[in-house]
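Taking the UniProt record's numbering, I'd label the letters of the sequence shown as residues 1 to 66.
The beta carbon of each residue, even a glycine, is placed where N, CA and C say it ideally should be.
Let me begin by presenting the structure, written as structure tokens, before commenting on it.
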Amino acid sequence: MAKTVDFWVLFVSFLCGVGTGLCVMNNMGQMGLALGYRDVSLFISFISIWGFFGRILSGSLSEYYI
């Protein structure tokens with residue numbers, strides 16, 4: 001499996017997507033403060049909730065279409 005090109009394309013694209021997403025999520029509070037939000041907890045909560053539903057929806061769509 002690890003010797004196929006398809007595996008490596010999916011693996012690298014997954015790492016790039018997950019890496020950037022985790023970097024953004026990790027710094028979301030600092031970004032909110034830099035943009036002038038006084039209370040960033042609600043902002044971070046919404047981003048986290050949207051991320052949860054996005055993962056569920058993308059997984060469901062992936063299973064349906066593939």
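#### Entry: Residues near Met1 by beta carbon distance below 6 Å, same chain, minus five either side
Stepping through the sequence shown from its first residue, residue 1 is reached at position 1. Cβ within range, chain order: Phe7.
### Query
At what residue ranges does the UniProt domain "NFD4 C-terminal" (1-65) contain a whole run of the beta strand (DSSP E), taking only runs of 3 or more?
none
### Task
Report the residue from Gly17, Asn27 and Phe14 whose alpha carbon sits nearest the alpha carbon of Ile44.
Here residue 44 refers to the residue found at position 44 when the sequence shown is read from its first residue. Among Gly17, Asn27 and Phe14, the Cα nearest to that of Ile44 belongs to Asn27.
### Task
Output the distance between the C-alpha atoms of Leu10 and Gly51, rounded to the nearest integer angstrom.
The residue given as residue 10 occupies position 10 in the sequence shown. The residue given as residue 51 occupies position 51 in the sequence shown. So the two alpha carbons sit approximately 20 Å from each other.
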